[in-house]
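Here's the structure we're looking at; comments come further down.
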Amino acid sequence: MIAVSAFFSAAEASFYSMDRDTVNSNFKDNPLVLRYCTLILDHPRRIMVSIILFNIIINTGVIILVVLFSYRLSLTGLAGFGAITLLSLLIFIPSMIFFGDILPKIFAAKHNILFSRFSAIPIYWTSVLLFPVAEFFSELIRILIEKIKFRDKESGISGEDIEHLAEIGHEVGAIKDDEHELISGIVSSKKTIVREIIIPRVDMIALPINSGIEEVIRVINKSLHSRIPVYQDDLDNIRGILFAKDLLPLLKNPEISANFRLDQTIKPAFFVPSTKKIGDLLREFQEKKTHLAIVVDEYGGTMGLVTLEDVIEEIIGEMREQGTDEDSPVKKLNENSLLCDGLVPFDEIKQTLNLQIEEEKIEYDTIGGFVYYNSGEIPKEGFTFSFQGYRFIVKQVINRRIKKILIEKE
1 MIAVSAFFSA AEASFYSMDR DTVNSNFKDN PLVLRYCTLI LDHPRRIMVS IILFNIIINT
61 GVIILVVLFS YRLSLTGLAG FGAITLLSLL IFIPSMIFFG DILPKIFAAK HNILFSRFSA
121 IPIYWTSVLL FPVAEFFSEL IRILIEKIKF RDKESGISGE DIEHLAEIGH EVGAIKDDEH
181 ELISGIVSSK KTIVREIIIP RVDMIALPIN SGIEEVIRVI NKSLHSRIPV YQDDLDNIRG
241 ILFAKDLLPL LKNPEISANF RLDQTIKPAF FVPSTKKIGD LLREFQEKKT HLAIVVDEYG
301 GTMGLVTLED VIEEIIGEMR EQGTDEDSPV KKLNENSLLC DGLVPFDEIK QTLNLQIEEE
361 KIEYDTIGGF VYYNSGEIPK EGFTFSFQGY RFIVKQVINR RIKKILIEKE
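Numbering (our numbering) for the sequence shown: 1 to 410.
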């Protein structure tokens with residue numbers, strides 16, 4: 001019985017560690033196995049509940065056999081029925097868990113192709129036979145759970161639990177690298193705040209509200225942005241967002257273009273606090289069907305802006321072609337030097353260089369802020385200082401913001 005339980009546990013791990021691409025590429029030479037593996041992936045719920053039900057039947061059968069064995073042995077007078085039963089269960093249950101569940105799942109997750117090749121057909125037909133009964137119990141459990149009201153703070157599984165399970169799945173090979181990164185990104189989105197991913201105020205491309213049509217077209221062509229904030233007097237007074245597509249009717253009609261007024265073309269801006277979680281911001285972007293938000297501080301001043309693309313990149317990774325690192329925020333030049341963007345979080349550089357600074361003494365968030373702190377003024381290109389065996393050199397400054405910093409080991 002332990003062997004049968006091990007077979008079904010291994011089948012569960014093997015099929016749920018594969019996707020359609022893996023199945024199609026590995027079983028294209030065996031149409032029969034390919035067909036049954038595809039059927040299994042097409043009905044994941046049926047397979048799952050059937051395997052669980054079958055294992056419950058097997059485990060119940062094992063316990064019944066242990067009790068009967070204990071009863072027969074107690075009749076010999078060797079020991080009491082209760083003592084023999086307890087001892088037998090203490091031996092059989094751990095053995096059942098290890099040899100019938102844990103060990104086969106680890107083996108099958110690492111050798112899923114091999115195991116799926118000979119288990120697909122029996123697993124599928126077993127699920128067909130057991131599914132009606134399994135479906136009844138599954139539906140019964142679902143109805144009972146729906147009757148129970150849980151408060152959010154009493155949720156049974158936390159983000160940390162999900163991340164821990166994903167880490168285990170990644171280690172045993174059940175979850176691929178990109179899938180693991182995606183899960184981690186989604187969990188992290190509940191912690192990351194907008195301030196950590198904004199385009200800073202000094203880097204914003206915006207238009208004064210009294211701009212003429214020629215200036216607007218020039219800025220759009222130069223920036224290649226489809227949405228541009230519009231302000232009155234200064235960036236703390238954002239009046240709306242200009243959509244480049246709204247200019248197309250104007251360009252086709254010279255009379256309308258001659259009477260162009262930017263304040264009549266813009267749409268209302270969407271404002272968010274800098275402390276908002278990016279997961280919540282993503283939902284608001286979807287609800288409002290917008291792609292850009294103006295980020296404000298606690299005083300209502302403009303800190304910068306954030307786009308839907310920024311949020312998605314933070315969650316699922318940078319949207320750039322694989323193999324290119326031209327715009328990488330931290331670029332390793334050689335064993336003794338790094339070139340990094342001024343917006344790279346200081347904690348990342350601190351860990352990379354193993355800098356020893358007490359947390360309570362850190363008054364900056366980025367490596368650029370660290371350079372500002374040590375310069376005592378707005379540094380110019382070429383500004384250099386040493387710190388704990390490293391030389392920090394400002395390589396590029398644009399609009400008073402440090403863009404590039406070279407770090408060399410002394």
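Glycine included, each C-beta is placed from N, C-alpha and C at the ideal position.
Keep in mind it's a predicted model, so treat the numbers as computed, not measured.
The C-beta distance from Val-295 to Leu-305 rounds to 6 Å, short enough to fall under 8 Å. For Pro-345, there is no enclosing beta strand (DSSP E), as DSSP marks it with neither H nor E.
Rounded to whole angstroms, Val-33 and Phe-98 show a C-alpha spacing of 29 Å.
Its Cα nearest to that of Pro-268, the residue Lys-288 stands out among Gln-351, Lys-288, Leu-343 and Ile-143. Separation of Arg-239 and Ala-109 (C-alpha to C-alpha, rounded to the nearest whole angstrom) is 56 Å. Phe-346 sits close to Ile-367, with the two beta carbons spaced by under 8 Å. Membership of Gly-279 in the alpha helix (DSSP H) is indicated by the continuous run 278 to 288.
Rounded to whole angstroms, Leu-406 and Asn-112 show a C-alpha spacing of 47 Å.
When C-alpha distances from Lys-395 are compared across Ala-244, Gly-342 and Asp-365, the shortest belongs to Gly-342. Where Thr-85 is concerned, the enclosing alpha helix (DSSP H) starts and stops at 81 to 97. Taking the CA atoms as reference points, Ile-209 sits about 9 Å from Pro-229. Annotation for Thr-384: Arg-391, Phe-392, Ile-393 and Val-394 place their beta carbon closer than 8 Å to its own, counting only its chain and skipping 5 residues before and after. Taking the CA atoms as reference points, Ser-9 sits about 40 Å from Leu-281. Between the C-alpha atoms of Asn-26 and Ala-11 there is a straight-line separation of about 17 Å.
For the pair Val-344 and Leu-207, the Cα-to-Cα distance works out to about 28 Å. Of the candidates Arg-400, Tyr-373 and Glu-408, the residue whose Cα lies closest to the Cα of Gln-388 is Glu-408. Using a Cβ-Cβ distance cut-off of 8 Å, the region 123 to 137 and the region 44 to 57 are in contact, since at least three pairs of beta carbons, one from each stretch, lie closer than that value. Going by DSSP, Ile-217 is part of no beta strand (DSSP E) but of the alpha helix (DSSP H) stretching over 213 to 223. Excluding its 5 nearest sequence neighbours in each direction, Ile-349 has C-beta neighbours in its own chain below 6 Å: Ile-367, listed in chain order. Spatial neighbours of Thr-352 in its own chain (CB-CB distance under 8 Å, excluding positions within 5 residues in sequence) are listed in chain order as Val-330 and Leu-338. Straight through space, the alpha carbons of Ser-70 and Ser-88 are spaced by roughly 7 Å.
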